[in-house]
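Please read the structure below before turning to the comments.
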Amino acid sequence: MTIGVFDSGLGGLTIVATMRSQLPGANIIYIADTANAPYGEKTKEQILNYSIHITDYLVEHHHIDALVVACNTATSAAIIELRERYSNLIIVGTEPGLKPAISHSETKKVGVLATPATLEGEKYKALVAMLSNHYHVEVFEQPCPGLVQQIESGETTSDKTLSMLETWLSPMRDHNVDTIVLGCTHYPLVKESIQRVMRRSITFIDSAEGVTKRLIYLLSEKGHEFHGKTSLHLFSTGPIDTTMVETILGENFRVSVINSLN
Ligand code: DGL
1197 MTIGVFDSGL
1207 GGLTIVATMR
1217 SQLPGANIIY
1227 IADTANAPYG
1237 EKTKEQILNY
1247 SIHITDYLVE
1257 HHHIDALVVA
1267 CNTATSAAII
1277 ELRERYSNLI
1287 IVGTEPGLKP
1297 AISHSETKKV
1307 GVLATPATLE
1317 GEKYKALVAM
1327 LSNHYHVEVF
1337 EQPCPGLVQQ
1347 IESGETTSDK
1357 TLSMLETWLS
1367 PMRDHNVDTI
1377 VLGCTHYPLV
1387 KESIQRVMRR
1397 SITFIDSAEG
1407 VTKRLIYLLS
1417 EKGHEFHGKT
1427 SLHLFSTGPI
1437 DTTMVETILG
1447 ENFRVSVINS
1457 LN
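So this is what it looks like as structure tokens:
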């Protein structure tokens, strides 16, 4: 069972970390598209092109059984087209967990941090419209341009990162937000810094468990069994901070840089 996973960079590894522990026997191929990062500040067409290009590569060169789009931004821009193009492939996307956040929140004030492209995407807007009709909740949306670059360069707790977070989070702090959706797979890597800036106990909602559960369900449905050793191969299309890779995965991995996905 070979599973292809991609993101613009390190972020999707926060999902791989959970997948590895729950998918015995899986051969995971991860692509960090750092040459084109950050996705969140690109157009829908650009993100769609990157996503199709990577998926073609994973299908043709690695013969994947399933694809995990470990990126909220790429899911928003490309999941419909990817499902049309690869109708026989199991495809799992990543979306901001707004619904679980609303259930967890006691103050009914929920924050959503995501890339500009995710928050402007039709998928996210439709989700908010649907949930606002059903639940009495105040949603504080905050795009975080530049945060992915800080994380990619290992600056998860630097003064600059903390000051960016202070600007974005102070309205949430003032309005008693108690639950924050990490709507970008990079953002779990700055959870501690967010907690520090919020100065109160925060419930964080990320997508790693949900994506992994959905993947296991779809693979089981197709008759895949889960036993044996799990393997993980990491590729990146440009430079990547290997210290961050080790921090996320808890062990040292070699990352092969591929200059062309053709
Ligand atoms: N990690 C990605 C996400 O979940 C994209 C980050 C970016 O490249 O902007 O949205």
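For the sequence shown, position 50 (counting from the first letter as 1) is numbered 1246 according to the working numbering, and the numbering increases by one without interruption. Glycine included, C-beta positions come from ideal geometry on N, C-alpha and C.
For Leu1415 and Ala1262, believed in contact at Cβ under 8 angstroms, the rounded distance: About 6 angstroms separates the two Cβ atoms, so the contact holds.
Considering just the uninterrupted stretch of the beta strand (DSSP E) at Pro1170, what are its terminal residues? A question about residue 1170 goes unanswered here, because the residues of the chain that appear run from 1197 up to 1458.
Ser1272 versus Val1333, Thr1198, Pro1292 and Leu1327, residue with shortest Cα-Cα distance: Answer by Cα proximity: Pro1292.
Determine the direct distance from the alpha carbon of Lys1295 to that of Leu1327, and round the result to whole angstroms. The straight-line gap from Cα to Cα measures roughly 7 angstroms.
Test item: CB-CB of Ala1313 and Thr1269 under 8 angstroms: Between Ala1313 and Thr1269, the C-beta spacing is below 8 angstroms.
Please go through the region 1267-1319 and give each complete beta strand (DSSP E) segment of 3 or more residues, from N-terminal end onward. Restricting attention to beta strand (DSSP E) runs no shorter than 3 residues, the region 1267-1319 encloses them at 1286-1288 and 1305-1310, ordered along the chain.
Inter-stretch contact (C-beta, 8 angstroms, three-pair minimum) for the region 1206-1216 and the region 1439-1457: Output reads yes: the region 1439-1457 touches the region 1206-1216.
Identify the continuous alpha helix (DSSP H) that holds Asn1245 and give its terminal residues. Element bounds for Asn1245: Lys1240 to His1258.
First and last residue of the uninterrupted beta strand (DSSP E) at Ser1432: Ser1432 -> beta strand (DSSP E) spans Ser1427 to Ser1432.
What is the residue span of the alpha helix (DSSP H) that Asp1203 lies within? Asp1203 -> not in any alpha helix (DSSP H); beta strand (DSSP E) instead, spanning Thr1198 to Asp1203.
Could you check whether Leu1445 and Ala1213 sit closer than 8 angstroms to each other, using their CB atoms as the reference points? A contact, by the Cβ cut-off of 8 angstroms.
Under DSSP, the alpha helix (DSSP H) around Ala1213 begins and ends at which residues? Looking at the DSSP string, the run of the alpha helix (DSSP H) that includes Ala1213 is Leu1209 to Gln1218.
Complete alpha helix (DSSP H) runs within the region 1352-1430 (minimum length 4 residues, chain order): Counting whole runs of 4 or more residues, the region 1352-1430 contains the alpha helix (DSSP H) stretches 1355-1370, 1387-1394 and 1404-1417.
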